[in-house]
Amino acid sequence: MCTSLTIENAQQQPLLARTMDFPTTSPWLPIYLPRKRRYTPATETNYRTTKYALLGGGRQVAPKTYLMADGVNEAGLACAELYFPFEATYHPKNQPQRLNLSPQDFITWVLGEHASIAEVAADLPNIALVSATWHQLNKIYPYHWALTDPTGATAVLEPRSLSLTLQPNPLGVLTNTPNLLRHGANLAAFLGLAKTSTTTVLQRAAATFQGPLPTGTIPTDRFLRATILRAQLPATFSTTDLFHILDQVIIPKTDTAHLQNHDYTHYEMFLNTASLTYTFHDLNTNRWQHLSLADYAHISREIVFS
1 MCTSLTIENA QQQPLLARTM DFPTTSPWLP IYLPRKRRYT PATETNYRTT KYALLGGGRQ
61 VAPKTYLMAD GVNEAGLACA ELYFPFEATY HPKNQPQRLN LSPQDFITWV LGEHASIAEV
121 AADLPNIALV SATWHQLNKI YPYHWALTDP TGATAVLEPR SLSLTLQPNP LGVLTNTPNL
181 LRHGANLAAF LGLAKTSTTT VLQRAAATFQ GPLPTGTIPT DRFLRATILR AQLPATFSTT
241 DLFHILDQVI IPKTDTAHLQ NHDYTHYEMF LNTASLTYTF HDLNTNRWQH LSLADYAHIS
301 REIVFS
């Protein structure tokens, strides 16, 4: 599931915040991965070497094997993956003359090997997303991704076809299925506007909206709620204000949490692409961790902040 938002603060520093919603599983924790780290995509036999250190939220699933959900690298490029069921489209098998990546490998490739959204966009024609299981996890995850970098650029990759293209996300919010275009049309309808309304018109209407917000946890409700709350942030909003938005879109851990496919929010996070700082709030323990990539970028081993 999950909800993410991108926005610039008063200092024009691009920020990325998100909730991580997932079924009951092993703990999600902040993880540091060093530059020049070798990793082997699940679909390949040869290892690759990263160029950039990164810090983000993830899970260690085996020795030296990490499922990353989000993060920022030392160049300031940030990325978060979110569920995109029923619409994500992958190649059924490896493609010749391409770097083949499972969905779970994509974020490591993005953050480990690129310094900007422009670099990712230029490199996308060279890869293929393949419907393949990932190491010990016998699942194929349907993902889409939100990206931002220190230039202020933001983008979303929704693999709705086998041709991969980044698209802008001026509303700055991403949840889950349906696709971003449909979410925009739903927002227009909720605000009483034409579905062809421009982003400027949508943002202005969202900023002045005073009616009740949808309260459900389905992706469409979370998108509406997060987009309107984001549009109504003051120009000098604080980190607390951002976490207040995240708090409004969490999926509570209820008495059905023991069910294998019940999603609930494991953590909230906030990162700054300029300062390379990362704040991780574990909702299971209510523990807060405030980390800076600059404090660890000289270290050549992986660190799990347990």
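In UniProt numbering, the protein residues as written are 1 to 306.
The C-beta atom is built at its ideal place from N, Cα and C for all residues, glycine as well.
Could you check what DSSP says for residue i in three-state terms: helix, strand or coil?
i, result
"residue 258", "Its pLDDT being 43, under 50, residue 258 is placed unreliably in this model, and the value from its coordinates should be taken loosely. In the structure shown, residue 258 sits in coil (DSSP, three-state: anything other than H, G, I, E or B)."
"residue 290", "strand"
"residue 272", "strand"
"residue 8", "strand"
"residue 75", "coil"
"residue 297", "coil"
"residue 122", "helix"
Figure out for me which residue from the options has the closest Cα to the Cα of residue i.
i, options, result
"residue 55", "108, 168, 193 and 215", "108"
"residue 279", "22, 71 and 39", "71"
"residue 100", "181, 132, 284 and 88", "132"
"residue 307", "266, 298, 294 and 296", "With the chain running from 1 to 306 in the structure shown, residue 307 is simply not present."
"residue 152", "12, 304, 295 and 297", "12"
"residue 306", "291, 299 and 123", "291"
"residue 43", "186, 160, 183 and 96", "96"
"residue 161", "155, 144, 233 and 168", "144"
"residue 173", "53, 164, 163 and 156", "156"
"residue 225", "234, 233 and 215", "215"
"residue 273", "212, 209, 73 and 252", "73"
"residue 197", "184, 207 and 284", "184"
"residue 23", "294, 264 and 289", "264"
At which residues does the alpha helix (DSSP H) containing residue i begin and terminate?
i, result
"residue 243", "239–247"
Which residues does DSSP list as the beta-bridge partners of residue i?
i, result
"residue 128", "100"
"residue 145", "81 and 157"
"residue 365", "With the chain represented from 1 up to 306, any question about residue 365 goes unanswered, as that position is not in the structure."
"residue 303", "32"
"residue 173", "5"
"residue 164", "In the DSSP output, where bridge partners are listed per residue, residue 164 has none listed."
"residue 281", "268 and 288"
"residue 65", "62"
"residue 14", "8"
"residue 38", "49"
Terminal residues of the continuous beta strand (DSSP E) containing residue i?
i, result
"residue 285", "That residue, residue 285, is in no beta strand (DSSP E); it is neither H nor E in DSSP."
"residue 353", "Residue 353 cannot be examined here, being either before or after the span of the chain that is shown, 1 to 306."
"residue 60", "54–62"
If we cut at 8 Å on Cβ distances, does residue i have a partner in chain D?
i, result
"residue 184", "As a matter of chain content, chain D is missing from the structure shown, which is built from one protein chain."
Where in the segment 78–116 do unbroken runs of the alpha helix (DSSP H), each at least 4 residues long, occur, reported from the N-terminal end onward?
103–113
Complete runs of the alpha helix (DSSP H) confined to the segment 180–244 [at least 4 residues]:
180–190, 199–208 and 219–231
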